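Chemist: Residue numbers (this note's numbering), protein chains in the order written: chain Z, 35 to 535; chain D, 100 to 428.
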């Protein structure tokens with residue numbers, strides 16, 4: 035305990051220097067801004083800013099880059115709530131209830147609870163990293179390919195359970211997502227699948243391309259043919275601070291979301307993506323009246339938002355303690371550290387205690403800054419919606435195009451977001467939800483990879499999924515949840531509740 | 100342009116020059132380089148090729164007096180970025196960070212070749228050599244390469260080895276090891292070396308071939324055991340780890356290399372200017388030290404030596420690629 039305090043003391047002494055405070059603030063501000071702007075994600079921004087950090091000392095540089103990352107998570111939820119575009123995979127879920135709240139004139143409260151939930155989650159996650167960073171990495175070690183496969187199966191079952199509309203349509207969308215994920219060069223054999231000999235499909239469909247097209251461009255198309263609904267959102271901003279009753283309603287969701295997000299974030303297989311989905315599914319299951327979900331339930335914003343922020347911070351644990359980047363942004367952080375002559379790995383904590391504890395302390399300071407930046411700025415972001423749509427949609431389209439081009443420098447990516455935009459628009463018109471498709475896409479690729487790896491390791495013996503306790507339990511939970519969702523009685527009430535009128 | 104002009108006008112002139120340069124490269128009379136140079140890195144930002152590229156690009160910018168801008172053109176294992184330079188304007192304003200993958204392994208693996216590694220590029224200079232390393236989980240009862248070979252031979256169906264992906268230099272290092280040691284192991288490909296390292300540390304897979312830079316901290320921390328480096332000489336960062344040849348496989352040598360390439364038919368004066376700038380950048384103590392910190396060795400060369408190097412590498416890897424059966428459509 036005294037160790038922990040001494041270490042945190044060292045961290046704060048590093049993070050609270052004038053230069054590092056300034057860099058932290060700059061990172062958070064830039065992060066929020068790019069998070070708010072649809073289409074410009076943290077990956078592109080950090081990649082573009084990497085050369086600028088050459089001149090800084092490594093601790094300051096990493097503090098700034100980390101600030102951009104979690105700042106973008108804050109900003110991303112703002113766009114999800116106000117414009118219904120998820121900037122990152124982790125804010126897909128926030129669009130469901132967050133945007134509904136905005137349409138009901140409760141945009142301010144949705145943003146307020148998202149910011150407060152995120153701050154709480156960030157604080158807990160910071161303490162968690164500090165206290166349990168080293169021992170918790172053991173958790174990652176007991177997760178082998180079979181366990182990850184079971185985890186992905188559970189994620190897909192969650193996707194069915196939480197989908198709006200008919201179960202059949204949700205399953206169809208998940209399957210389309212999995213099919214899309216199988217495009218590209220096969221990992222085990224190197225053969226190209228469904229690429230039609232096109233070079234740019236050799237690596238498959240890019241997640242950000244799919245997300246930007248299905249959500250960003252499709253949403254713009256939809257808004258263009260129904261302008262009145264946007265008027266409603268624009269006119270009513272609403273209070274910023276949630277009332278007592280709302281806080282009381284949201285508090286348990288924040289606690290649960292923080293716990294779920296923290297645990298999933300530690301897993302190196304990009305478990306953080308699952309956090310918001312898992313949190314939403316649980317909130318919906320626990321709610322007295324699940325019918326409110328999808329129609330502006332505050333728990334549906336508070337839980338997933340806390341989970342995504344907790345996860346985004348605990349995902350630093352595998353990076354800082356094992357040197358394993360759990361997602362693309364963390365992979366960039368590895369690059370940033372390497373450029374500065376620090377090799378990420380188990381040695382960082384002992385060899386560069388200034389860096390390790392300084393970054394952790396700066397995360398908490400950054401979260402506090404974000405709360406301070408975001409609450410007053412909520413009014414500004416909301417006012418962004420007052421810009422006439424005929425001016426806003428070209429700007430959003432432009433940012434989407436620049437953002438997507440800056441990731442891989444491929445013109446085909448830009449054409450692809452237009453293509454998926456049209457597909458997404460057709461899906462919305464036909465009553466299909468794009469969210470399960472995206473989840474199927476993300477999880478499908480990982481699921482196939484882990485499934486085949488488990489079977490290669492077991493030399494084709496499927497018993498590998500039943501012999502291991504963690505795997506067996508996860509698969510049992512999935513089967514039980516699926517059975518529950520398909521029970522005739524439940525299914526009937528579910529269909530009544532979720533089919534949109 | 101000898102008369103000092105206000106900064107703004109210089110900027111405007113520069114902009115105008117750049118525009119003209121874009122419209123008609125042949126018309127640009129200004130000495131090379133008169134506008135920023137794009138260095139295409141055909142792999143994602145943050146990887147070892149990207150790190151080497153950015154380090155060198157920064158120093159080359161200082162030498163050339165023009166920004167060398169890194170652009171990550173990612174796709175198809177580096178082929179998309181390399182193909183772009185193979186077809187680029189030979190004006191010296193777009194150049195490539197080539198690697199053993201883009202200039203030896205990929206062209207050998209693909210039956211339908213997107214470019215020719217020898218004919219479609221003008222070599223500039225080698226930049227860096229990065230050793231590979233054979234690592235095992237510490238619980239594996241093998242402290243030397245000889246013990247490992249004996250262990251695997253005793254139970255040929257049992258052992259797996261991990262690599263950062265099918266057809267990567269690391270996968271083929273493993274295949275070369277198998278054929279030279281006469282052992283059988285099942286290859287388990289991953290998406291990048293990070294997830295592979297995780298499974299080897301956790302013991303899901305006992306053996307791995309990896310880049311020395313990404314494995315180095317695990318070796319130092321003792322969470323992985325290094326049996327041998329794959330280069331001819333020991334790595335200066337790990338003097339205690341023997342080479343593969345010392346450990347019992349004479350003649351075994353693999354490594355990852357990075358080199359600068361320009362589009363084909365680039366004029367000789369431009370190649371010379373780029374080569375001179377690269378050599379100056381590689382002589383910079385900061386660059387040398389940063390590269391050493393992640394176990395890369397700075398290696399410069401003449402354009403001719405690089406051309407020979409590419410041919411030698413293609414000849415060396417052709418039989419390995421063929422035996423591994425990784426050729427695809």
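Where is the CB? At the ideal position from N, CA and C, for every residue including glycine.
Quick caveat, the model's predicted, so the values are computed rather than measured.
(1) If you count every other CB in all the chains shown that lies within 10 Å of the CB of residue 322 of chain Z, and 16 or more means buried, which is it?
(2) Is residue 155 of chain Z helix, strand or coil by DSSP?
(3) Could you tell me which chain C residues have their CB closer than 9 Å to the CB of residue 198 of chain D, listed as they occur along the chain?
(4) Put residue 196 of chain D into one of helix, strand or coil per three-state DSSP.
(5) If you drop the 5 nearest sequence neighbours on each side, which residues of the same chain put their C-beta closer than 7 Å to that of residue 403 of chain Z?
(6) Any contact between the stretch 450-466 of chain Z and the stretch 142-151 of chain Z? By contact I mean 3 or more CB pairs, one from each, below 8 Å.
(7) Verify the CB distance criterion: does residue 265 of chain D have a CB-CB separation below 8 Å to chain Z?
(8) For residue 117 of chain Z and residue 451 of chain Z, I'd like the C-alpha separation in whole angstroms.
(9) Just to confirm my understanding: we take residue 215 of chain Z, look at its own chain, exclude 5 residues before and 5 after, and list those with CB closer than 6 Å. What are they?
(10) Is the separation between the beta-carbon of residue 299 of chain D and that of residue 323 of chain D shorter than 8 Å?
(11) Excluding the 5 residues preceding and the 5 following residue 237 of chain Z in the sequence, name in chain order all residues of the same chain whose CB lies nearer than 8 Å to its CB.
(12) Under 7 Å Cβ-Cβ, which residues of chain D neighbour residue 487 of chain Z?
(13) Check whether chain D comes within 8 Å of residue 373 of chain Z, counting only Cβ atoms and requiring the distance to be less than that.
(14) Report the CB separation of residue 423 of chain Z from residue 257 of chain Z in whole angstroms; it is logged as a contact under 8 Å.
(15) Flag residue 308 of chain D as yes if its beta-carbon sits less than 8 Å from any beta-carbon of chain Z, otherwise no.
(16) Indicate whether at least one CB of chain Z lies closer than 8 Å to the CB of residue 299 of chain D.
(17) Ignore the nearest five residues each way along the sequence and tell me which others in residue 338 of chain Z's own chain have a CB closer than 7 Å to its CB.
(18) Rounding to the nearest angstrom, what Cα-Cα distance links residue 408 of chain D and residue 334 of chain D in this structure?
(19) Looking only at its chain, what residues have a beta carbon closer than 7 Å to the beta carbon of residue 53 of chain Z, apart from the 5 residues adjacent to it on each side?
(20) Have a look at residue 155 of chain Z and residue 355 of chain Z and give me their C-alpha separation to the nearest angstrom.
(21) Between the Cα of residue 337 of chain D and the Cα atoms of D:378, D:345, D:327 and D:247, which residue gives the shortest distance?
(22) In terms of alpha-carbon separation, which member of D:381, D:203 and D:232 lies closest to residue 154 of chain D?
(23) In this structure, how does DSSP classify residue 226 of chain Z when only helix, strand and coil are distinguished?
(24) At least one CB of chain Z closer than 8 Å to the CB of residue 53 of chain D: is that the case?
(25) Using a C-beta cutoff of 8 Å, does residue 179 of chain Z count as contacting chain D?
(26) Which residue spans inside the stretch 323-376 of chain D form an unbroken beta strand (DSSP E) run of at least 3?
(27) Span of the beta strand (DSSP E) holding residue 285 of chain D?
(28) What residues from the stretch 328-348 of chain Z come within 9 Å of chain D, judged by C-beta to C-beta, listed N to C?
(29) Leaving out five residues before and five after residue 386 of chain Z in sequence, what residues of the same chain have Cβ atoms less than 7 Å from its Cβ?
(30) On the premise that residue 187 of chain Z lies in contact with residue 613 of chain Z, defined as a C-beta separation below 8 Å, what is that separation, rounded to the nearest angstrom?
(31) Which class does residue 262 of chain D belong to by DSSP, given the choice of helix, strand or coil?
(32) Along chain D, which residues have their Cβ under 7 Å away from the Cβ of residue 160 of chain Z?
(33) Please list, in chain order, all residues of the same chain as residue 410 of chain D whose beta carbon is under 7 Å from its beta carbon, the five residues on each side excluded.
(34) Could you check whether residue 347 of chain Z and residue 104 of chain Z sit closer than 8 Å to each other, using their CB atoms as the reference points?
(35) Buried or exposed: residue 176 of chain Z, going by 16 or more other Cβ atoms within 10 Å of its Cβ?
Modeler: If we stick to the structure as given:
(1) Note on residue 322 of chain Z: under 16 other CB atoms within 10 angstroms of its CB, so exposed under the neighbour-count rule.
(2) If DSSP states are grouped into helix, strand and coil, residue 155 of chain Z belongs with the helices.
(3) Given the protein chain composition of this structure (Z and D), no chain C is represented.
(4) strand
(5) 58, 59 and 62
(6) With a cut-off of 8 Å, the stretch 142-151 of chain Z and the stretch 450-466 of chain Z do not count as touching, because too few Cβ pairs lie within range.
(7) yes
(8) 17 Å
(9) 475, 478 and 479
(10) In contact: residue 299 of chain D and residue 323 of chain D (Cβ atoms closer than 8 Å).
(11) 218 and 219
(12) 287
(13) yes
(14) Right, their Cβ atoms sit about 6 Å apart.
(15) By this cut-off, residue 308 of chain D is not an interface position.
(16) no
(17) 127, 128, 291, 310, 313 and 314
(18) Their Cα atoms are separated by approximately 21 Å.
(19) Only 94 meet the Cβ criterion.
(20) When rounded, the distance between both Cα atoms is 21 Å.
(21) D:327
(22) D:381
(23) strand
(24) Coverage of chain D is limited to positions 100 through 428, which leaves residue 53 of chain D absent and any answer about it impossible.
(25) yes
(26) 324-328 and 354-361
(27) 285-288
(28) none
(29) Closer than 7 Å at Cβ, skipping near neighbours: 376.
(30) For chain Z, the structure presents residues 35 to 535; residue 613 of chain Z sits outside this window and is missing.
(31) strand
(32) Against chain D, the beta carbon of residue 160 of chain Z has no neighbour under 7 Å; the closest one sits roughly 24 Å away.
(33) 217
(34) yes
(35) exposed
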